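Below you'll find the structure, written out as structure tokens, and then a few comments.
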Amino acid sequence: MKKTTLKLFLWFFLFFWATFPAAAGELWLNDIPLEKLQNLYNRCGYDGVRGYLMLPSYKYPPIFLKKFPADYNHMPDEDKRNAVFIKILAPLALRLNQDILSERSEIEAVAARFAQNAKLSAQDIDFLEEKATKYDIFSRLKDNERYHYLTTELLNRVDRIPPSIMITAAAIETNWGLSRLVREGNALYKKLVWHTDEGLKPVGETTDDSYRIKTYPNLYASMQDFALKINSHPAFAALRNFRRERRERTGNISGLILAPYLYGNSVLKNYAGIFDYTLAYYELQSIDKSSLDDTMISTDIVKDFRQYVTKM
Numbered sequence: 489m490k491k492t493t494l495k496l497f498l499w500f501f502l503f504f505w506a507t508f509p510a511a512a513g514e515l516w517l518n519d520i521p522l523e524k525l526q527n528l529y530n531r532c533g534y535d536g537v538r539g540y541l542m543l544p545s546y547k548y549p550p551i552f553l554k555k556f557p558a559d560y561n562h563m564p565d566e567d568k569r570n571a572v573f574i575k576i577l578a579p580l581a582l583r584l585n586q587d588i589l590s591e592r593s594e595i596e597a598v599a600a601r602f603a604q605n606a607k608l609s610a611q612d613i614d615f616l617e618e619k620a621t622k623y624d625i626f627s628r629l630k631d632n633e634r635y636h637y638l639t640t641e642l643l644n645r646v647d648r649i650p651p652s653i654m655i656t657a658a659a660i661e662t663n664w665g666l667s668r669l670v671r672e673g674n675a676l677y678k679k680l681v682w683h684t685d686e687g688l689k690p691v692g693e694t695t696d697d698s699y700r701i702k703t704y705p706n707l708y709a710s711m712q713d714f715a716l717k718i719n720s721h722p723a724f725a726a727l728r729n730f731r732r733e734r735r736e737r738t739g740n741i742s743g744l745i746l747a748p749y750l751y752g753n754s755v756l757k758n759y760a761g762i763f764d765y766t767l768a769y770y771e772l773q774s775i776d777k778s779s780l781d782d783t784m785i786s787t788d789i790v791k792d793f794r795q796y797v798t799k800m
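Each step along the sequence shown adds one to the number in this note's numbering, with nothing skipped, and position 264 is 752.
Structure representation (structure tokens):
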């Protein structure tokens, strides 16, 4: 009797296990039409409150678009179009923070080894010097004094950027994705590069021909560059110091409390007011509390959309 019950249990387990598609992890997509994208979102249960806030779960599917759909600009309904804009950028911003915090963990490990042994391996030293170059940290200090300074400063710089800030800034700079900078160059934040012919030539802005607008291979690269600017440029030193204090006191690093430190980031008139309104009106601070959930994407979904699947 016990053997029969056990066999029945195993049979039902295997049946239901085979019936439900397995999770497939993250999904990178390229050249997907808007209708197909919305169908994909529906299949993954990516709708949420107001069409883009995944409440109360705070879980987002790891669906990452390399660029906006070619027909995105043709959406007539502004509210629905803005919702799609947020839905496209939210997973990218959450993915970027995963990468930043993973990098921070590596730095924390090196700092812990240094604190314990008062010395570092050649590999750890090379790692610190590489990160110092990346995050534009300069010091004339030598040996242990230098390593102490680098680990301290890196931990001040390599930290999360609230998704609400990245989404809000991109919405303002690109007119919610309608700008030619997004269509032609995946440029979410209008970074200027000087004395080069590489990039997009400004149209109707100025007679100055000495600069271009930097272009990117994909949206994620544009977002990475913006985060690196915040985490390395001297103009954002006050933001980084305040973020460190918040981490040490409460651990709460949200877009609402960091936003005032970004108001000098743009020459747009009333940038501060527009930024505050956009972040608050669309309730983007909810995304700051969210995370990615790869169980929302099944192998069947990947198979059905395989013609748009690409590598990171």
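Note that CB positions come from ideal geometry on N, CA and C, so glycine has one too.
These numbers were taken from a predicted model, which means no experiment stands behind them.
Between the CA atoms of residue j and residue i - distance to the nearest angstrom
i    : j    : result
Q712 : L680 : 15 Å
M563 : K524 : 14 Å
I613 : Y635 : 8 Å
L553 : Y765 : 26 Å
M800 : L580 : 11 Å
S667 : L577 : 15 Å
R601 : F626 : 22 Å
L541 : Y770 : 9 Å
S778 : D697 : 42 Å
A675 : G687 : 10 Å
L642 : Y677 : 24 Å
V797 : V572 : 19 Å
P509 : L716 : Note that P509 has pLDDT 43, beneath the 50 cutoff, so the model's placement of it is unreliable and the number below is only indicative. Approximately 38 Å, taken between the alpha carbons.
Three-state secondary structure (DSSP) of residue i
i    : result
S667 : coil
F763 : helix
D629 : The sequence given here places Leu at residue 629; Asp does not occur at that position. In the structure shown, L629 sits in coil (DSSP, three-state: anything other than H, G, I, E or B).
Y548 : strand
S779 : strand
V691 : coil
S786 : strand
Q795 : helix
L750 : helix
L541 : strand
L528 : helix
P509 : Confidence at P509 is low in this model, with a pLDDT of 43, below 50, so its placement is unreliable and the value that follows should be read with caution. Coil, per DSSP.
V681 : strand
Beta-carbon spacing of residue i, residue j below 9 Å
i    : j    : result
Y704 : G665 : no
G743 : L772 : yes
F793 : L528 : yes
F714 : A658 : yes
N585 : N644 : no
A599 : T639 : yes
R671 : T684 : no
L780 : P521 : no
V646 : N570 : no
K568 : E591 : no
K555 : D519 : yes
Proximity test, residue i beta-carbon vs the ligand ATP heavy atom, cut-off 8 Å
i    : result
Y751 : The ligand ATP is not part of this structure, which contains no ligands at all.
Burial state of residue i, where buried means 16 or more other Cβ atoms lie within 10 Å
i    : result
G533 : exposed
V691 : exposed
P544 : exposed
L746 : buried
Any C-beta of chain C under 9 Å from that of residue i
i    : result
D519 : As a matter of chain content, chain C is missing from the structure shown, which is built from one protein chain.
Problem set entry | Entirely enclosed beta strand (DSSP E) segments - the region 574-606, minimum 3 residues | Those beta strand (DSSP E) runs which fall completely within the region 574-606 and span 3+ residues do not exist here.
Problem set entry | Start-end ranges of the alpha helix (DSSP H) lying completely within the region 695-727, minimum 4 residues | 707-720
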